[in-house]
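Q: Numbering (this note's numbering), first residue to last: 165 to 364.
Cβ coordinates follow ideal geometry from the N, Cα and C atoms, glycine included.
Model, not experiment: these values are computed from the prediction.
#1: I think residue 249 touches residue 186, with their Cβ atoms under 8 Å apart; what is that distance to the nearest whole Å?
#2: Once DSSP output is grouped into helix, strand and coil, what is the label at residue 183?
#3: Please name the residue in 206, 349, 321, 347 whose C-alpha comes closest to that of residue 336.
#4: With distance defined between alpha-carbon atoms, name the residue in 191, 314, 317 nearest to residue 242.
#5: What residues in its chain sit with their C-beta under 7 Å from that of residue 334, if we drop five residues either side in the sequence?
#6: Please report the distance separating the alpha-carbon of residue 343 from that of residue 353.
#7: Here's the rule: buried if 16 or more other CB atoms are within 10 angstroms of the residue's CB, otherwise exposed. What is residue 181?
#8: Any idea what DSSP makes of residue 242, helix, strand or coil?
#9: Below 8 Å CB to CB, which residues in the same chain sit around residue 214 once its five sequence neighbours on both sides are set aside?
#10: For residue 319, list the residues DSSP reports as bridge partners.
#11: Within the same chain, show all residues whose beta-carbon is closer than 7 Å to that of residue 331, passing over the 5 residues directly before and after it, in chain order.
#12: So, for residue 240: in the same chain, excluding its five sequence neighbours on each side, which residues have a beta-carbon less than 8 Å away from its beta-carbon?
#13: When burial is assigned at 16 or more other CB atoms within 10 Å of the CB, is residue 195 buried or exposed?
#14: How big is the Cα-Cα spacing for residue 317 and residue 238?
#15: Please say whether residue 253 and residue 235 have beta carbons closer to each other than 9 Å?
#16: Assuming residue 257 contacts residue 209 under a Cβ cut-off of 8 Å, what Cβ separation, rounded to an integer in Å, is found between them?
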């Protein structure tokens, strides 16, 4: 039985093949369109986690957006000296989805079985974006909207939330109230939902 998530080693760009770490560095340095390759590689994982949620009352699209926002934050927050990027993405996406569930069901206990374990999902060694169901145009649109539609405060709150996983920790880290944190996240969610359309 396969144990753990396989590292995504290389990405096939139009004229070159590069490592995942190099891809992340280039996105951070300003080549924002390359985020589409990360999105292509990890959207199946996000879909897998969202489909495992016991949340029939919830809109699946909302949770996909939460997962995609978490993925965007991972590119900015990943420490190359820590665990693999794929493991980091898995942890952050699960944390973001569970936090969203807890927010929506504040008075209900969320079972640990709400999400499958990350070891149940395998990511291929070599990702060719042409073979994925998510198209590059939509992925680039997502990245653009995340970076430009949100205010500086909203994006700061978003990335902090993905790091710390709770309103109280974000409020303390940014020296703002929990109400401000909630309001910023709600605004970000609405802006992105309005802008990006549906993702499979």
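A: Reading from the atomic positions:
#1: With 8 Å as the limit, residue 249 and residue 186 do not qualify as a contact, their Cβ atoms being about 12 Å apart.
#2: strand
#3: Among 206, 349, 321, 347, the Cα nearest to that of residue 336 is on 321.
#4: Closest option to residue 242, Cα to Cα, is 191.
#5: The residues 321, 324, 325, 328, 345, in chain order, have a CB closer than 7 Å to that of residue 334 in the same chain once the five nearest residues on each side in sequence are set aside.
#6: 15 Å
#7: Exposed, since its Cβ has fewer than 16 Cβ neighbours within 10 Å.
#8: coil
#9: 224, 227, 228, 231, 261
#10: Bridge partners of residue 319: none, in fact.
#11: 342, 345, 346
#12: 192, 323
#13: exposed
#14: If you take the alpha carbons of residue 317 and residue 238, they lie about 18 Å apart.
#15: yes
#16: 7 Å
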